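Chemist:
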Ligand code: NDP
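Numbering (the numbering used here), first residue to last: 1123 to 1387.
1. Can the beta-carbon of residue 1195 be found closer than 7 Å to that of residue 1166?
2. Is it the case that the Cβ atoms of residue 1258 and residue 1318 are separated by a distance below 7 Å?
3. Can you look up residue 1292 in the DSSP assignment and give me helix, strand or coil?
4. Give the straight-line distance between the Cα atoms of residue 1216 and residue 1236, rounded to the nearest whole angstrom.
5. Looking only at its chain, what residues have a beta carbon closer than 8 Å to the beta carbon of residue 1191, apart from the 5 residues adjacent to it on each side?
6. How many Å lie between residue 1234 and residue 1276 at the Cα?
7. Of all the alpha helix (DSSP H) runs that stay within the bounds of the region 1198 to 1245, which reach a length of 4 or more residues?
8. Nearest-angstrom Cα distance between residue 1153 and residue 1366?
9. Exposed or buried, which one is residue 1226 when buried takes at least 16 other CB atoms within 10 Å?
10. Just to confirm, is the Cβ distance from residue 1170 to residue 1149 under 7 Å?
11. If you draw a straight line from the C-alpha of residue 1189 to the C-alpha of residue 1387, how long is it?
12. How far does the beta strand (DSSP E) with residue 1272 in it reach, from first residue to last?
13. Starting from residue 1358, trace the alpha helix (DSSP H) both ways and give me its first and last residue.
14. The ligand NDP and residue 1290: does the residue's C-beta get closer than 6 Å to at least one heavy atom of that ligand?
15. To the nearest angstrom, report how far apart residue 1303 and residue 1378 are at their CA atoms.
16. If you follow the alpha helix (DSSP H) that residue 1256 is part of, which residue opens it and which one closes it?
17. What are the residues that DSSP puts in a beta bridge with residue 1322?
18. Find the nearest neighbour of residue 1185 within the set 1158, 1198, 1353, 1228, judged by alpha-carbon distance.
19. For residue 1125, does the count of other Cβ atoms within 10 angstroms reach 16, so buried, or fall short, so exposed?
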């Protein structure tokens, strides 16, 4: 774990997320990194969780720090319960109660049919996307309830409504993640906690690039720009902007929603 200092030239006290503390799982790269930076730009202290790529995590923390807020990196694998428990303990010990949790950590499945896929892969996907998020919610909710406002945002996928062949472990995990979010939204509304889902389509990240290579043989994702909505493949920042709205005062009456961000399908 790496700590960084607070930069005195940070966002003002009137920044929309000033005084709030966020944890972004899988926040070191891709969509999670963009979310971490957006929350930091809006004034939040940001804890960045990652699994193994410490260099990317340190780079993201440095970028957060450059925005003038506190950032910290925490290694923990979302699919290992002991590591998730230690993560929850460490962030709260270091930074106080978390009032903004973004469950973004995720992995793709291998593209086999149900007949070809072994149960170990299904378990790995469920553990990473769903059980880790479930466990983190349980561990962080007591602290979150003590804060003026709480937010949980789950990063799902359009896969959860497409049910495409050869995606069963991933699709099952994202459908379950959405079920967790929507039940949690009802349970925690009276505690001032908002729970929402953002469901991206294809996004230009390492996962997105691997996906189009594996499924469509596309080596350069930018070649899909011309045939994509609005003339470009979705960027991590497009997802981050929706998250920053959902957790902002502007979304004070929004909870239990699934926001699809795919340029209209
Ligand atoms: P990337 O592969 O680019 O980044 C994944 C991030 O998650 C990294 O920070 C990685 O850390 C972390 N991570 C992976 N496994 C674990 C784990 N077990 N525990 C903790 N952290 C982990 O993925 P994206 O940014 O593309 O995806 C982010 C989320 O968005 C995922 O949930 C994905 O399913 C979803 N999504 C992505 C789409 C896309 O097209 N890219 C489309 C729809 C949804 P490390 O590098 O240390 O392993």
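Note that the Cβ used here is the ideal one computed from N, Cα and C, for glycine as well. Quick caveat, the model's predicted, so the values are computed rather than measured.
Modeler: Taking the structure as given:
1. No, the pair does not count as a contact, with Cβ atoms beyond the cut-off.
2. no
3. Residue 1292 carries a helical assignment under DSSP once its states are collapsed to helix, strand and coil.
4. 43 Å
5. 1128, 1129, 1132, 1133, 1162, 1165, 1166, 1167, 1168
6. 25 Å
7. 1203 to 1217
8. 13 Å
9. buried
10. yes
11. 34 Å
12. Start and end: 1272 to 1277.
13. 1358 to 1368
14. no
15. 7 Å
16. 1254 to 1267
17. 1383
18. 1158
19. Bear in mind that the predicted position of residue 1125 carries a pLDDT of just 41, short of 50, making it too unreliable to give a figure here.
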